[in-house]
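Chemist: Have a look at this one before I ask anything.
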Amino acid sequence: MSILKKLFKYYLIIISIFTVGRAILFMLYFDRFSSSDSNYWLSFLYGLKMDTIVASMLLVIPLIVLSFSPKNFSKISNLFLRFYFAFILGFLIYIENTTFPFFAQYDVRPNFKFVEYLEYPIEVFNMIIADYKLALSITFLMIGLFIWYFLKATKNSFIPILETSLIKRIIWFLPLAILLFIGIRSSFGHRPANISDAMYSNNRILNEVTKNSLYSVGYAIYANKKYASNVIKLYGKMPIANALSRVEQRLGIKGNSLTSNSIFSRFEKTHFPTEKKKNLVIFLQESLGYQFVRPEITPELLKLKQKSLWFEKAYSNGTRSIRGIAGSTAGFLAVPGKGVLKRSKSQSNFFTFSSLLKPLGYHTMFLYGGEARFDNMRSWFLGNGFDEIVEEKDYVNPTYVATWGASDEDLANKGNERFSELYEQGQPFAALMFSSSNHSPFDIPQGRVEPIKKGEKCVENAIQYADYAIGKFFADAQKLPYYKDTIFVVISDHNVRVYGDDVVPVNMFHIPALIIGEGVEAKIYEKIASQPDVLATAIDYLGKDLNYPILGQSIFSDNKKEVTLLQFNENYALRVKNKVAVVIPNQAAETYEYVNNRLQVIEHDKELEKDALAFVITLNHLYDKQLYK
1 MSILKKLFKY YLIIISIFTV GRAILFMLYF DRFSSSDSNY WLSFLYGLKM
51 DTIVASMLLV IPLIVLSFSP KNFSKISNLF LRFYFAFILG FLIYIENTTF
101 PFFAQYDVRP NFKFVEYLEY PIEVFNMIIA DYKLALSITF LMIGLFIWYF
151 LKATKNSFIP ILETSLIKRI IWFLPLAILL FIGIRSSFGH RPANISDAMY
201 SNNRILNEVT KNSLYSVGYA IYANKKYASN VIKLYGKMPI ANALSRVEQR
251 LGIKGNSLTS NSIFSRFEKT HFPTEKKKNL VIFLQESLGY QFVRPEITPE
301 LLKLKQKSLW FEKAYSNGTR SIRGIAGSTA GFLAVPGKGV LKRSKSQSNF
351 FTFSSLLKPL GYHTMFLYGG EARFDNMRSW FLGNGFDEIV EEKDYVNPTY
401 VATWGASDED LANKGNERFS ELYEQGQPFA ALMFSSSNHS PFDIPQGRVE
451 PIKKGEKCVE NAIQYADYAI GKFFADAQKL PYYKDTIFVV ISDHNVRVYG
501 DDVVPVNMFH IPALIIGEGV EAKIYEKIAS QPDVLATAID YLGKDLNYPI
551 LGQSIFSDNK KEVTLLQFNE NYALRVKNKV AVVIPNQAAE TYEYVNNRLQ
601 VIEHDKELEK DALAFVITLN HLYDKQLYK
């Protein structure tokens with residue numbers, strides 16, 4: 001039997017184990033997704049992709065051994081492969097069996113909790129023995145019988161291949177390695193497939209059935225180790241009670257007790273009460289730095305400025321889209337390590353405007369021109385309660401498809417189309433629209449704008465086009481009935497490229513932001529505002545008294561402070577008016593004055609430096625203990 005046939009045989013065995021597990025979950029929870037608009041049979045197709053990724057990874061070692069093991073090591077290699085597959089297949093049976101009680105308990109496939117509980121082996125063991133004694137016994141009996149039968153049936157299974165000419169086996173290695181690489185990547189697009197590929201439905205349970213348990217656990221371990229492990233220790237120490245108190249004071253928030261499951265949640269009374277359920281649309285702009293806001297590049301944005309609440313000194317959370325999304329939809333600041341969109345503990349029960357407004361009857365959605373699995377967006381939005389995801393595959397006959405997906409004008413058209421449909425149904429809605437045209441390689445359709453730099457693919461031309469799409473969106477929206485009952489936000493996620501000599505180039509975090517709609521008085525807000533401040537202000541305009549934990553304040557609140565937190569790589573800058581404290585891993589904090597777009601070192605402000613550290617510790621605490629809800 002050739003190496004190809006042998007590996008394919010074990011691929012089918014691995015896939016069969018995963019498929020049986022998925023089929024059982026499918027039957028057990030069918031009533032939870034049977035009424036979904038999604039085609040639930042696609043769960044097996046998308047699930048096959050996730051299973052193939054895992055199976056391909058597991059077959060790498062057998063391929064290497066079968067291809068390069070010398071003939072005189074055939075018996076040793078045969079023994080190794082038998083025990084390797086016995087262990088792997090037995091472990092997969094174990095994972096699939098443990099999925100059922102875990103799913104029953106937590107309504108999800110095994111995730112970070114599955115790993116986290118290993119820190120308490122005695123308690124977990126006692127819980128398992130008490131609750132799942134029979135299931136555990138059956139599982140281990142099943143695994144034991146399988147391993148016994150497998151080892152007996154595969155006594156000399158790999159010998160014929162291992163005694164084949166070494167040259168012939170080596171020749172097979174490259175094409176088979178390419179096949180496994182394709183299987184591991186499972187995508188011919190810009191990005192390899194990831195756990196977001198399982199999130200094809202707006203039904204969370206169906207997405208969980210589609211996932212692969214081993215992949216889910218592996219991703220949780222990877223994300224936690226890489227992005228969260230001990231990162232706080234690099235900045236310094238501070239008792240959490242002290243840190244929380246400092247952050248509350250700086251933000252002007254009267255928080256709850258340390259034992260609360262949502263420390264910063266508080267009641268906020270609207271300054272614009274109304275009986276209407278106003279809609280909310282946030283048009284998040286990709287990489288639109290404030291330095292590009294000038295007549296020759298952003299004429300449409302400047303037209304809106306004249307009719308809107310304009311934030312003259314708005315600042316982004318960080319330098320990545322996931323930071324801007326978290327700031328503009330969740331009102332969260334930049335957590336140390338990777339952003340919350342990619343972190344395992346924030347994939348569900350993390351506050352967003354969806355969790356705030358859905359209880360009031362709102363339909364919530366995320367609209368994007370590209371693939372929503374990028375940066376784990378689809379998984380994060382659906383996991384945190386968004387009802388609908390619109391992405392590249394949902395555009396019928398788009399006017400232009402660029403490298404990153406359907407163009408911004410297609411996004412604008414889709415937004416107006418969808419919002420009108422919901423409005424006609426009497427359904428209030430809240431939506432995030434995320435542009436993508438202003439992204440390298442800056443593909444834009446021809447004939448829409450007169451480019452500043454003719455014949456070039458550059459950021460200036462791309463922003464011109466993004467501005468054109470903004471203008472088109474609002475020009476069309478103003479002709480539609482839903483417009484009069486909607487609050488609109490236009491804000492950037494971050495600057496196109498954050499650079500500079502300062503430890504934190506504060507000026508490169510400066511972004512445009514505005515709020516426009518019925519009842520919004522045209523004015524320029526001259527004080528410092530963060531992305532969470534803009535979100536809190538937009539929610540204020542909805543006209544409802546609400547409870548939320550947003551780490552910012554409406555500009556109409558007496559508690560609004562001139563403060564923002566900026567993250568640049570691993571560095572954090574806490575800016576209070578024009579004084580800035582910077583904390584850097586394994587270094588002493590420094591205090592600066594922000595003058596003429598540069599940081600100038602001044603005498604240490606110990607309290608401000610402690611406050612900066614407090615923000616870093618608090619944000620990590622809110623994420624790690626899952627207290628932002």
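Take the sequence shown: its position 429, counted from the start at 1, is 429 in UniProt numbering, and no numbers get skipped. Glycine included, C-beta positions come from ideal geometry on N, C-alpha and C.
For the putative contact between W380 and L341, defined by C-beta atoms under 8 angstroms, what is the C-beta separation to the nearest angstrom?
Modeler: Yes, they are in contact, since the Cβ atoms of W380 and L341 sit about 4 angstroms apart, within 8 angstroms.
Chemist: Looking only at DSSP bridge pairs, what is I528 linked to?
Modeler: BP columns for I528 point to K313.
Chemist: Can you tell me whether W41 is buried or exposed? The criterion is at least 16 other CB atoms within 10 Å of its CB, across all chains shown.
Modeler: Result: exposed.
Chemist: Thinking C-beta only, is V496 closer than 7 angstroms to V459?
Modeler: Yes.
Chemist: Taking just the CA atoms, how far does I88 sit from K5?
Modeler: Computed Cα separation, rounded: 19 angstroms.
Chemist: Give me the DSSP bridge partner(s) of Q600.
Modeler: Q600 pairs with E593.
Chemist: Name the two residues that bound the continuous alpha helix (DSSP H) containing F80.
Modeler: Residues 74-106.
Chemist: Do I555 and Y525 have their CB atoms nearer than 7 angstroms?
Modeler: Taking 7 angstroms as the Cβ cut-off, I555 and Y525 qualify as a contacting pair.
Chemist: Buried or exposed, going by whether 16 or more other CB atoms sit within 10 Å of the CB of L258?
Modeler: The residue in question, L258, is exposed, as its Cβ has fewer than 16 Cβ neighbours within 10 Å.
Chemist: What are the residues that DSSP puts in a beta bridge with G405?
Modeler: Per DSSP, A402.
Chemist: Closer than 6 angstroms by C-beta to P192: which residues in its own chain qualify, once you throw out the five before and the five after it? Chain order, please.
Modeler: R185.
Chemist: Does the beta-carbon of M27 have 16 or more other beta-carbons within 10 angstroms, so that it is buried, or is it exposed?
Modeler: Exposed: under 16 other Cβ atoms inside 10 Å.
Chemist: What residue range is occupied by the uninterrupted beta strand (DSSP E) comprising S492?
Modeler: Run containing S492: 486-492, per the beta strand (DSSP E) assignment.
Chemist: Let me know if V489 comes out buried or exposed under the rule of 16 or more other beta-carbons within 10 Å of its beta-carbon.
Modeler: V489 comes out buried.
Chemist: Measuring straight from C-alpha to C-alpha, what distance separates M142 and Y10?
Modeler: Spanning the two alpha carbons is a distance of roughly 19 angstroms.
Chemist: Using the Cβ count rule (16 or more neighbours within 10 Å means buried), how would you classify I170?
Modeler: Exposed, by the Cβ-count rule.
Chemist: Spatial neighbours of L92 within its chain, please: CB distance less than 8 angstroms, with the 5 preceding and 5 following residues excluded, ordered by chain position.
Modeler: So the qualifying residues of the chain are I14, I17, F18, L214.
Chemist: In whole angstroms, what is the alpha-carbon distance linking N559 and G252?
Modeler: Between N559 and G252, the C-alpha separation is close to 5 angstroms.
Chemist: Find the nearest neighbour of L432 within the set D387, Q600, F442, judged by alpha-carbon distance.
Modeler: That would be D387, whose Cα lies nearest to the Cα of L432.
Chemist: Give me, in chain order, the residues of the same chain whose beta-carbon lies closer than 7 angstroms to that of L59; leave out the 5 immediate sequence neighbours on both sides.
Modeler: Once the five neighbours on either side are set aside, the close Cβ partners of L59 are L7, Y10, Y11, L180.
Chemist: In angstroms, rounded to a whole number, what distance separates the CA positions of Y400 and G471?
Modeler: One C-alpha to the other measures close to 17 angstroms.
Chemist: Comparing C-alpha positions only, which one of A522, L48, H604, T537 sits nearest to K305?
Modeler: Of the candidates A522, L48, H604, T537, the one whose C-alpha sits nearest the C-alpha of K305 is A522.
Chemist: Can you give me the C-alpha to C-alpha distance between L565 and E96, rounded to a whole angstrom?
Modeler: In a straight line, the C-alpha of L565 is about 43 angstroms away from that of E96.
Chemist: Residue range of the alpha helix (DSSP H) that F26 falls in?
Modeler: From DSSP, the alpha helix (DSSP H) with F26 extends over 3-28.
Chemist: Of all Cβ atoms in chain C, is any one closer than 7 angstroms to the Cβ of L244?
Modeler: Protein chains in the displayed structure number just one, and chain C is not present.
Chemist: Can you tell me which residues form a DSSP beta bridge with H621?
Modeler: Paired residue(s): none; H621 is not in a bridge.
Chemist: Grab me the residues of V108's own chain with a C-beta within less than 6 angstroms of its C-beta, minus the 5 sequence neighbours each way, in chain order.
Modeler: Closer than 6 angstroms at the Cβ level, and outside the excluded window around V108, lie E208.
Chemist: Does the structure place the region 564-584 close enough to the region 602-619 that three or more beta carbon pairs sit under 8 angstroms?
Modeler: The region 602-619 vs the region 564-584: in contact.
Chemist: Rounded to the nearest angstrom, what separates D375 and K544 at their Cα positions?
Modeler: Distance between the alpha carbons of D375 and K544 is about 32 angstroms.
Chemist: Please classify W310 as buried or exposed, where buried requires at least 16 other C-beta atoms within 10 Å of its C-beta.
Modeler: Under this definition W310 is a buried residue.
Chemist: Residues in the same chain with beta-carbon distance under 6 angstroms from P398, minus the five sequence neighbours each way, listed in chain order, please.
Modeler: Closer than 6 angstroms at the Cβ level, and outside the excluded window around P398, lie A406, D410.
Chemist: Assuming Y465 and D408 form a contact by the criterion Cβ under 8 angstroms, report the distance between their Cβ atoms to the nearest whole angstrom.
Modeler: Yes, they are in contact, since the Cβ atoms of Y465 and D408 sit about 7 angstroms apart, within 8 angstroms.
Chemist: With a threshold of 7 angstroms on Cβ separation, who are the neighbours of A74 within its own chain once the five nearest residues in sequence on each side are excluded?
Modeler: Correcting the residue type first, residue 74 is Ser in the shown sequence and not Ala. Excluding sequence neighbours, S74 sits near I159, L162, E163.
Chemist: Using a 10 Å radius around the Cβ and a threshold of 16 neighbouring Cβ atoms, would you call A314 buried or exposed?
Modeler: So A314 counts as buried.
Chemist: Starting from F44, follow the beta strand (DSSP E) in both directions and report where the run begins and ends.
Modeler: It is not in any beta strand (DSSP E) - F44 instead sits in the alpha helix (DSSP H) that spans 42-58.
Chemist: Give me the Cα-Cα distance between D51 and K225, rounded to the nearest whole angstrom.
Modeler: Their backbone Cα atoms lie some 23 angstroms apart in a straight line.
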